[in-house]
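My numbering numbers the first residue of the sequence shown as 33 and each following residue consecutively.
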Amino acid sequence: MRTWDDGGGTTLDPEEARRFEALADEWWDPHGKFRPLHNFNPARLGYLRGRLVGHFGRDPLARRPLEGLRLVDLGCGGGLVAEPMARLGASVVGCDAVPANVGAAAAHAAQAGLEIDYRHCLAEDLVAAGESFDVVLALEVVEHVADVPLFLHACRRLLRPGGCLVVATINRTAKSLLLAKIGAEYVLGWLPRGTHDWRRFLRPSEIAAHLRREGLTVRDVTGVTYAPLTNEWRLSADTDVNYMLTATAG
Numbered sequence: 033m034r035t036w037d038d039g040g041g042t043t044l045d046p047e048e049a050r051r052f053e054a055l056a057d058e059w060w061d062p063h064g065k066f067r068p069l070h071n072f073n074p075a076r077l078g079y080l081r082g083r084l085v086g087h088f089g090r091d092p093l094a095r096r097p098l099e100g101l102r103l104v105d106l107g108c109g110g111g112l113v114a115e116p117m118a119r120l121g122a123s124v125v126g127c128d129a130v131p132a133n134v135g136a137a138a139a140h141a142a143q144a145g146l147e148i149d150y151r152h153c154l155a156e157d158l159v160a161a162g163e164s165f166d167v168v169l170a171l172e173v174v175e176h177v178a179d180v181p182l183f184l185h186a187c188r189r190l191l192r193p194g195g196c197l198v199v200a201t202i203n204r205t206a207k208s209l210l211l212a213k214i215g216a217e218y219v220l221g222w223l224p225r226g227t228h229d230w231r232r233f234l235r236p237s238e239i240a241a242h243l244r245r246e247g248l249t250v251r252d253v254t255g256v257t258y259a260p261l262t263n264e265w266r267l268s269a270d271t272d273v274n275y276m277l278t279a280t281a282g
């Protein structure tokens, strides 16, 4: 991986990378360690499609409404979002700090007959390489990076004029401590213990402030809540735990 010369620093947290490397073989098992992400995916994919189609003025009924757009999925993991974005027509680059994740993602995409450019790199490596994108996705990754301002700065540098950035993460509230940390990891066992550090969760206002300093305009903040009776995730006005934020350049 290349480094960039933009004030120094790195977004890589080696401990976080090691934790996810140990789970790399489980990405595509809907009943395995990443079962919560599989369950969560329909809601976040619906949000992404709606926001991107609306922002770029595409036909919502088209089979491939993202045709012609270049998209990067930062912290792509095993490709749970990169693959659907490719099926919607986007030209997708998947970027991850964990080599095993990149291998698992590339192997699955090949089996599915999808052309996705997976790379073992960091966001700042893409900046150093002069890459640019219409869409930058940072989903469930910002809470795991070593330097949040640097990471969001890299996101901005990667975004083309008129482009769209979507961040998904977990709010830092008492409710998220109870549900996303203690409940998900220690009571329900949805996630391996130690997956998250509640102190690293970010409030929507904190991310919005960073992005505004980068010259981006925050267009939307939407919560994602769990409905236990139907075992599904839904978009909601409640941002106390999970939420998604859309910002645009220009």
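Note that beta-carbon positions come from the ideal geometry of N, C-alpha and C, so glycine has one too.
Since residue i and residue j should fall inside the 8 Å C-beta cutoff, what is the C-beta to C-beta distance between them, to a whole number of angstroms?
| i | j | result |
| --- | --- | --- |
| His87 | Thr280 | 6 Å |
| Leu277 | Val250 | 7 Å |
| Phe165 | Leu190 | 5 Å |
Indicate the three-state DSSP secondary structure (helix, strand or coil) for residue i in the structure shown.
| i | result |
| --- | --- |
| Trp59 | coil |
| Ser237 | helix |
| Ser164 | coil |
| Ala129 | coil |
| Leu267 | strand |
| Ala200 | strand |
| Val173 | coil |
| Asp272 | coil |
| Val159 | helix |
| His152 | strand |
| Gly135 | helix |
| Arg225 | coil |
| Leu288 | Residue 288 cannot be examined here, being either before or after the span of the chain that is shown, 33 to 282. |
| Val253 | strand |
| Pro260 | coil |
| Ala178 | coil |
| Ala279 | strand |
Distance check for residue j and residue i, CA to CA, integer angstroms please.
| i | j | result |
| --- | --- | --- |
| Asp105 | Leu154 | 11 Å |
| Leu98 | Val168 | 13 Å |
| Asp37 | Ala160 | Unreliable positioning characterises Asp37 in this predicted model, as indicated by a pLDDT of 45, which lies under 50. The coordinate reading is nonetheless provided below. Cα to Cα, the separation comes out at about 8 Å. |
| Arg232 | Pro181 | 13 Å |
| Ala136 | Trp59 | 8 Å |
| Leu103 | Ala186 | 15 Å |
| Ile214 | Gly100 | 43 Å |
| Arg96 | Leu77 | 14 Å |
| Glu264 | Val177 | 28 Å |
| Thr262 | Gly41 | 44 Å |
| Leu93 | Asn73 | 20 Å |
| Asp128 | Gly107 | 4 Å |
| Gly110 | Thr201 | 18 Å |
| Asp149 | Leu120 | 15 Å |
Would you check if the distance between the CB atom of residue i and the CB atom of residue j is smaller than 9 Å?
| i | j | result |
| --- | --- | --- |
| Cys196 | Arg83 | yes |
| Val174 | Leu234 | yes |
| Leu158 | Val199 | no |
| Leu248 | Arg204 | no |
| Ala212 | Asn133 | no |
| Thr43 | Phe183 | yes |
| Ala241 | Val253 | no |
| Val130 | Phe52 | yes |
Can you tell me whether residue i sits near the ligand ATP, meaning its C-beta is under 8 Å from at least one heavy atom of the ligand?
| i | result |
| --- | --- |
| Thr205 | With respect to the ligand ATP, the structure shown offers nothing to examine, as it has no ligands at all. |
- request: Return the chain-ordered ranges of every beta strand (DSSP E) run that is complete within the region 64-107 and spans a minimum of 3 residues.
  value: 102-106
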